[in-house]
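Numbered per mature numbering (1 follows the signal peptide of the UniProt record, and there is no 0), the sequence shown spans residues -19 to -1, 1 to 218. Where is the CB? At the ideal position from N, CA and C, for every residue including glycine. Read through the structure below, which is laid out as structure tokens, and then see the notes.
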Amino acid sequence: MIRVITIGCILAATASAAAAEDLSARETRKLVDKYARCIVAARPIKAAEALVANVDTQTMVRDYTRLIDPACLLHTRSSVVSARFPGDSYRYALADALVRRELAALPAPELANVAPLTYRPLPEPPRPLPEGAGWKAKKEQEEAQDRYLDAAAYDFAARYGECVVRADPVGTKAVLLSEPASAEETTRFAAIVGALQTCVAPGRTQAFTRIVLRGAMAVAYYRLAHAAGRVGGEAAD
């Protein structure tokens, strides 16, 4: 079960029905990026607090309701707007926006003396069901297995992102300052291929979507910069 944040709002019906058609992957990345920038501009303290605390998506929805604001979708082209952010993509977008807002003008942090980041403990994997278990028990086990796999996938990506940031903080910053889904982003990813390869265990291949890879790097970069004392707070939110 992939966690999803859905944010929707109804605007004046001035656009044609065609305007509400599904966005392409590139357009979707840009939409999420604009939305996150809007949220971070309005709620920088809350956004930073959620990132530094490394809360999961469920906690963000429950405890950080001010970070979910349909008003930030008003700049889009559709008459009916509904944004779905599966998994950790919204947290990734917030981290990306925070890096560009707070850290763009600062040198990449020195990380040699910064302690490893802490991560959320993984849930216990579900135990095998006894023979003859009913449909309810099977459904609960499937849901528990989905939660475990989601958490394990996020944990792996997060640790990989930290490794990449530590291996090349300057190159990571360059990636994060590029526009998502742009040719510049592709060029800057190519420039850190050494760090990307260094962080893959010998004999193992690893594939991430660009959204996950950039997002994991953004979260790690922001958290590490905060730990290194590079991120300053603002007076109020």
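Reduced DSSP secondary structure (H/G/I, E/B, other) of residue 211 = coil
Reduced DSSP category for residue 187 - H, G, I as helix; E, B as strand; rest coil = coil
DSSP-derived helix/strand/coil call for residue 19 | helix
Under a three-way DSSP split, which group does residue 99 fall into?
-> coil
What distance in whole Å lies between the Cβ atoms of residue 199 and residue 76, which are believed to be in contact at a cut-off of 8 angstroms?
-> 4 angstroms
Proximity winner among 33, 107, 74, relative to residue 98 (alpha-carbon distances) | 33
For residue 138, I'd like the list of residues in its chain whose CB is within less than 6 angstroms of its CB, leaving aside the five on either flank, ordered along the chain.
-> 193, 197
Using alpha carbons as the reference points, say which of 25, 142, 119 lies closest to residue 180.
-> 142
Counting pairs of beta carbons, one from the segment 48 to 55 and one from the segment 8 to 21, are three or more of them closer than 8 angstroms?
-> yes
Let me know the secondary structure DSSP gives residue 206 once reduced to three states.
-> helix
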